[in-house]
Amino acid sequence: MERNYTVSQIAHRLSVHSRSRLVSEDAVYGWVRQGKLKAERIPGNIRGVGKYPYWVQESHLKDVLTEMGYDFDRLFPDND
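Given below as structure tokens:
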């Protein structure tokens with residue numbers, strides 16, 4: 097089963113591994129609004145997802161972040 101990452105998780109992981117800048121939830125959600133990231137609305141019965149209730153499939157996130165120059169495997173080492 098493919099893993100999903102919330103907008104909040106993505107922003108946190110990008111910020112923790114970037115020494116030069118903070119990546120906010122607003123910035124990640126901006127990528128969703130611009131169409132760079134394909135996100136799906138999280139069902140209302142799931143709590144604790146952050147400011148924006150959306151998540152992104154791992155395979156798509158890997159493709160997008162790699163295209164943007166991020167090292168996905170270093171940012172998300174728990175992926176299998």
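Numbering (my numbering), first residue to last: 97 to 176. Ideal Cβ positions, reconstructed from N, Cα and C, are used throughout, including at glycine. Being a predicted model, the structure only gives us computed values, none of them experimental.
Is the distance from the Cβ of LEU118 to the Cβ of VAL160 below 8 Å? Position 22 of the sequence shown, counting from 1, holds the residue named residue 118. Position 64 of the sequence shown, counting from 1, holds the residue named residue 160. Taking a C-beta distance under 8 Å as the contact criterion, LEU118 and VAL160 do not qualify as a contact pair.
Cross-strand partners of TYR125 (DSSP beta bridge): In the sequence shown, counting from the first residue as 1, residue 125 sits at position 29. DSSP output for TYR125 lists no bridge partner at all.
Whole-angstrom C-beta distance between SER111 and GLY146, which should lie under 8 Å: As a first step, residue 146 must be located in the sequence shown, where it is residue number 50. As a first step, residue 111 must be located in the sequence shown, where it is residue number 15. The Cβ separation is near 13 Å, so there is no contact.
Is the beta carbon of TYR148 sitting closer than 8 Å to the one on GLU121? Taking the sequence shown and counting its residues from 1, the one referred to as residue 148 is at position 52. Taking the sequence shown and counting its residues from 1, the one referred to as residue 121 is at position 25. Yes, the Cβ-Cβ distance between TYR148 and GLU121 is below 8 Å.
Same chain, Cβ closer than 8 Å to THR162, neighbours up to 5 away in sequence not counted: The residue you call residue 162 lines up with position 66 of the sequence shown. Excluding sequence neighbours, THR162 sits near PHE168.
Could you have a look at VAL119 and say whether DSSP puts it in helix, strand or coil? Within the sequence shown, the letter at position 23 stands for residue 119. VAL119 falls in the coil class under three-state DSSP.
Within 10 Å of its beta-carbon, does ILE106 have 16 or more other beta-carbons around it, so buried, or fewer, so exposed? By 1-based counting over the sequence shown, the position of residue 106 is 10. Here ILE106 is buried. Its C-beta has 16 or more other C-beta atoms within 10 Å.
What number of angstroms, rounded off, separates the C-alpha of ASP174 from the C-alpha of SER155? Taking the sequence shown and counting its residues from 1, the one referred to as residue 174 is at position 78. Taking the sequence shown and counting its residues from 1, the one referred to as residue 155 is at position 59. Rounded to the nearest angstrom, the two C-alpha atoms are 14 Å apart.
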